Amino acid sequence: MSPGSNDSEDSTSADKVAESLIKAFEERNTQFVRNSLDSYAKEINGTVRELAKTVAALSAQMHAQQATLSTVLNERATFMSLLYKHDFTSKEKAESSNTIAEDDVTDTKVSKLRFKVGKQRALVRKAVRSHLGEELGYNFPFSKEIAEVNYPKGHKTINFTLFSGEDVKENAAVHIARFTTQCGDLGKSNLYKLKLFGSSLTGAAFGWYSRLKPASVSGWDEMEKIFREQFGKIEAEVGISELSSMYQQPNETALAFLQRFKLQQARANFALPEKEAVNLAAKGLSYKIRKKCFGNRYDSIGDLIREAT
Numbered sequence: 001m002s003p004g005s006n007d008s009e010d011s012t013s014a015d016k017v018a019e020s021l022i023k024a025f026e027e028r029n030t031q032f033v034r035n036s037l038d039s040y041a042k043e044i045n046g047t048v049r050e051l052a053k054t055v056a057a058l059s060a061q062m063h064a065q066q067a068t069l070s071t072v073l074n075e076r077a078t079f080m081s082l083l084y085k086h087d088f089t090s091k092e093k094a095e096s097s098n099t100i101a102e103d104d105v106t107d108t109k110v111s112k113l114r115f116k117v118g119k120q121r122a123l124v125r126k127a128v129r130s131h132l133g134e135e136l137g138y139n140f141p142f143s144k145e146i147a148e149v150n151y152p153k154g155h156k157t158i159n160f161t162l163f164s165g166e167d168v169k170e171n172a173a174v175h176i177a178r179f180t181t182q183c184g185d186l187g188k189s190n191l192y193k194l195k196l197f198g199s200s201l202t203g204a205a206f207g208w209y210s211r212l213k214p215a216s217v218s219g220w221d222e223m224e225k226i227f228r229e230q231f232g233k234i235e236a237e238v239g240i241s242e243l244s245s246m247y248q249q250p251n252e253t254a255l256a257f258l259q260r261f262k263l264q265q266a267r268a269n270f271a272l273p274e275k276e277a278v279n280l281a282a283k284g285l286s287y288k289i290r291k292k293c294f295g296n297r298y299d300s301i302g303d304l305i306r307e308a309t
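Residues 1 to 309 in the numbering used here are what the sequence shown lists, from first letter to last.
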């Protein structure tokens, strides 16, 4: 056998092996996809079954409430019929001078029916409240007394900056500060802030707010506390030591450094007087910039930025 024929046979064998490997790989991938789709289909079917159960339960509740309401309406119709009959009978008896005893019997029937209808209405109100909440509406997380407090005369709706709790860039502490500022004069009152706070929330944050138990929040301080606990970022607090250890980097411009300093100052866990902030920021500038600014007085970091840049 010639060397050429051996090479041809080896090439054919290699092709067959390659085809077998490709076929096995494709079959394996196909099986993996099929298994994944089966698993996904089972999850969807399970979810659909749960939704069907929920819909069935809600439908049963709705039919039960409709039946109760229908009973009340029927009782009311009967009551009105008897009431009309009673009035007509009373008029007839007055004209024909019939005995008072018969009139008393009708009065008793009407009174009993009125009591029964009132009781049925109370049962319906109780059933609907248990499903939808008190007074067939939304219950605030603060007391009814606070909810009934009126805003000062001339109060207008405030267009708050909304907090959703869905953006990683959002900051609960910053939102509280901005909300208080946007409240204007009402921001001086914890009671008004408590009433207005829900209007500054949207998305997931408002969903959390709406699920708070009725009358579970005693005041603004508690509302701020639980809001910060729910949406506050887990990040290191900035103290005086962090600010005093900030320095302009070799490839950093004076403007970039001072902006970075102001950002950290805004995140500080204490109120830093502007004069001290200017001194700390100036100390962190490069030697060349410090020399340029030496001997000058600056009332704000803004003044320092204008001089340094």
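Ideal placement from N, C-alpha and C gives every residue a C-beta, glycine not left out. Please read these numbers as outputs of a predicted model, since none were measured by experiment.
C-beta atoms of Ala-215 and Ser-300 nearer than 8 Å
Taking the first residue of the sequence shown as 1, we reach residue 215 at position 215. Taking the first residue of the sequence shown as 1, we reach residue 300 at position 300. Cβ atoms of Ala-215 and Ser-300: not closer than 8 Å.
Would you decide whether Ile-289 is buried or exposed? Buried here means 16 or more other CB atoms lie within 10 Å of its CB.
As a first step, residue 289 must be located in the sequence shown, where it is residue number 289. So Ile-289 counts as buried.
Only counting the same chain, and skipping five residues up and downstream in sequence, which positions put a Cβ closer than 7 Å to that of Gly-219?
For this step, residue 219 is matched to residue 219 along the sequence shown. Counting only Cβ-Cβ distances below 7 Å, and skipping sequence neighbours, we find Asn-190 and Leu-194.
Can the beta-carbon of Ala-172 be found closer than 8 Å to that of Arg-228?
Within the sequence shown, numbered from 1, the residue matching residue 172 stands at position 172. Within the sequence shown, numbered from 1, the residue matching residue 228 stands at position 228. Their beta carbons are under 8 Å apart, which means Ala-172 touches Arg-228 by this criterion.
Tell me the DSSP secondary structure of Ala-215 in three-state form.
Within the sequence shown, residue 215 is the residue found at index 215, counting from 1. Three-state result, Ala-215: coil.
Following the continuous alpha helix (DSSP H) through Lys-283, name the residue where it begins and the one where it ends.
On the sequence shown, position 283 is the one that residue 283 refers to. Unbroken alpha helix (DSSP H) run through Lys-283: 274-284.
Could you check whether Ala-277 and Gln-264 sit closer than 8 Å to each other, using their CB atoms as the reference points?
To locate residue 264, count along the sequence shown from 1; it is residue 264. To locate residue 277, count along the sequence shown from 1; it is residue 277. In this structure, Ala-277 does not lie closer than 8 Å to Gln-264 by Cβ.
Hey, out of Pro-141, Ile-305, Glu-224 and Phe-231, whose CA is closest to Asp-167's CA?
The residue you call residue 167 lines up with position 167 of the sequence shown. When only C-alpha atoms are compared, the closest one is Phe-231.
Local Cβ density within 10 Å of Ser-200, reported as buried at 16 or more and exposed below that:
Locating residue 200 in the sequence shown gives position 200, where the first residue counts as 1. It counts as buried.
Could you compute how far the alpha carbon of Gln-248 sits from the alpha carbon of Arg-267?
Mapped onto the sequence shown, residue 248 falls at position 248. Mapped onto the sequence shown, residue 267 falls at position 267. In a straight line, the C-alpha of Gln-248 is about 19 Å away from that of Arg-267.
When burial is assigned at 16 or more other CB atoms within 10 Å of the CB, is Glu-224 buried or exposed?
As a first step, residue 224 is located in the sequence shown; it is residue number 224 there, counting from the start. The residue in question, Glu-224, is buried, as its Cβ has 16 or more Cβ neighbours within 10 Å.
DSSP three-state call for Ala-268: helix, strand or coil?
Counting from 1 along the sequence shown, the entry for residue 268 is found at position 268. Strand at Ala-268.
Presumed contact (8 Å Cβ cut-off) between Ile-305 and Leu-258, rounded CB distance:
One-based indexing of the sequence shown puts residue 305 at position 305. One-based indexing of the sequence shown puts residue 258 at position 258. Contact flag correct, Cβ pair sits at about 5 Å.
What is the rounded straight-line gap between the Cα of Asp-303 and the Cα of Glu-252?
Taking the sequence shown and counting its residues from 1, one reaches residue 303 at position 303. Taking the sequence shown and counting its residues from 1, one reaches residue 252 at position 252. Computed Cα separation, rounded: 19 Å.
Quick one: grab the DSSP three-state call for Val-149.
Here residue 149 refers to the residue found at position 149 when the sequence shown is read from its first residue. DSSP places Val-149 in coil when its eight states are reduced to three.
Measure the CB-CB distance between Met-246 and Gly-203 and report whether it falls below 8 Å.
The sequence position of residue 246 within the sequence shown is 246, counting from 1. The sequence position of residue 203 within the sequence shown is 203, counting from 1. For Met-246 and Gly-203, no; Cβs fall outside 8 Å.
State the DSSP-derived secondary structure class of Glu-135, mapped to helix, strand or coil.
Here the question's residue 135 lines up with position 135 in the sequence shown. Note that Glu-135 has pLDDT 46, beneath the 50 cutoff, so the model's placement of it is unreliable and the number below is only indicative. Glu-135 falls in the helix class under three-state DSSP.
Please report how far the alpha carbon of Leu-132 lies from the alpha carbon of Val-238, in whole angstroms.
Here residue 132 is taken as the residue at index 132 of the sequence shown, counted from 1. Here residue 238 is taken as the residue at index 238 of the sequence shown, counted from 1. At Leu-132 the pLDDT is 46, less than 50, meaning the model places this residue with poor confidence and gives no usable figure here.
For the candidate residues Leu-280, Ala-177 and Gly-165, whose alpha-carbon lies nearest to that of Glu-242?
Counted from its first residue, the sequence shown places residue 242 at position 242. Measuring from the Cα of Glu-242, the nearest candidate turns out to be Leu-280.
From Gly-198, Ser-164 and Phe-160, pick the residue whose C-alpha is nearest to that of Cys-183; which is it?
The count along the sequence shown starts at 1 and reaches residue 183 at position 183. Of the listed residues, the one whose Cα sits closest to Cys-183 is Phe-160.
To the nearest angstrom, report how far apart Pro-141 and Tyr-192 are at their CA atoms.
Residue mapping note: residue 141 aligns to position 141 of the sequence shown, counting from 1. Residue mapping note: residue 192 aligns to position 192 of the sequence shown, counting from 1. Each residue's alpha carbon lies about 14 Å from the other.
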